[in-house]
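Take a look at the structure set out below.
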Amino acid sequence: MRIALKELRKKKCRNAACRTEFVPVRSMQVVCSPLCGLAVAKAKREKDRKSIDQRERREIRVAKERIKPKADHMREAQQAFNEFIRLRDKDLPCVSCGRHHEGQYHAGHYRTVGANPELRFEPLNVWKQCAPCNNHKSGDIVNYRITLVQRIGADKVAWLEGPHEPKRYTIEVLKAMKADYRAMIRELKGAA
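If you read the sequence shown in our numbering, its first letter stands for residue 97, the second for the next number, and so on.
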């Protein structure tokens, strides 16, 4: 009597397109027909293939990150830093010419990266600057300095112009800086 009741218990077909109720012939049967079985097998193969593809892409991304040169990490950290500066100064005019306009703005360095690489990521050394001043007037450094003295004070400008210890950035430090600046960018965008 118990066996007969167990055999009459109905199941729902696992084929998402079918989902009809059926009485299984075998105990492990999960589909109502061979066609539904083929459809379920095809869906499972597709899911497995996507999973393998995702795992391979993740492995490739990790491998690329492992072999990425220090220059790429430096460039990415610089991009994050520059975006932070532009967001920090979004309400300020150009540091050199003092005007607001609809054009492109850069993160202009007072002491250039070539001459003072140790000040590359110093927020006091970098301010929002319009593209014409930065590109065509070489930063318009005379007016930049005048505005900088007004913004941060003569003592900090003197510190910027003084000698500095060279800095050696490791890949780990650059990654941490990039993550920190991206977090600050999210915070500034959230406040806006």
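Glycine residues also receive a C-beta, built at the ideal position from the N, C-alpha and C atoms.
Where the beta strand (DSSP E) through residue i begins and ends
i            : result
valine 222   : 222-226
tyrosine 206 : Per DSSP, tyrosine 206 belongs to no beta strand (DSSP E) and is neither H nor E.
Backbone CA spacing between residue i and residue j [nearest angstrom]
i              : j              : result
lysine 138     : glutamate 161  : 34 Å
lysine 271     : glutamate 155  : 19 Å
asparagine 230 : glutamate 268  : 31 Å
lysine 166     : threonine 266  : 8 Å
leucine 284    : cysteine 109   : 52 Å
threonine 116  : serine 129     : 10 Å
arginine 278   : arginine 264   : 21 Å
aspartate 187  : lysine 146     : 46 Å
proline 219    : alanine 176    : 12 Å
proline 213    : isoleucine 281 : 23 Å
CB contact flag (residue i, residue j, <9 Å)
i              : j            : result
asparagine 221 : tyrosine 201 : no
alanine 227    : glycine 199  : yes
asparagine 178 : alanine 211  : no
cysteine 95    : valine 127   : Residue 95 falls outside the range modelled here, since the chain spans only 97 to 288, and no answer is possible.
valine 121     : arginine 105 : no
Classification of residue i by the beta-carbon crowding that lies within 10 angstroms, buried from 16 upward
i              : result
methionine 273 : buried
serine 192     : buried
isoleucine 181 : buried
glutamine 225  : buried
arginine 216   : buried
methionine 97  : Unreliable placement is indicated for methionine 97, whose pLDDT of 46 sits below 50; the coordinate value is still reported in the next sentence. So methionine 97 ends up on the exposed side.
valine 238     : exposed
leucine 244    : buried
histidine 232  : exposed
glycine 286    : exposed
alanine 250    : exposed
valine 158     : exposed
Boundaries of the alpha helix (DSSP H) in which residue i is found, first to last residue
i              : result
methionine 275 : The amino acid occupying residue 275 in the given sequence is alanine; methionine does not appear at that position. Segment 267-287, the alpha helix (DSSP H) holding alanine 275.
asparagine 239 : 237-248
alanine 176    : 166-184
alanine 113    : Per DSSP, alanine 113 belongs to no alpha helix (DSSP H) and is neither H nor E.
serine 234     : Segment: none, serine 234 is in no alpha helix (DSSP H) and carries neither H nor E.
aspartate 149  : 130-163
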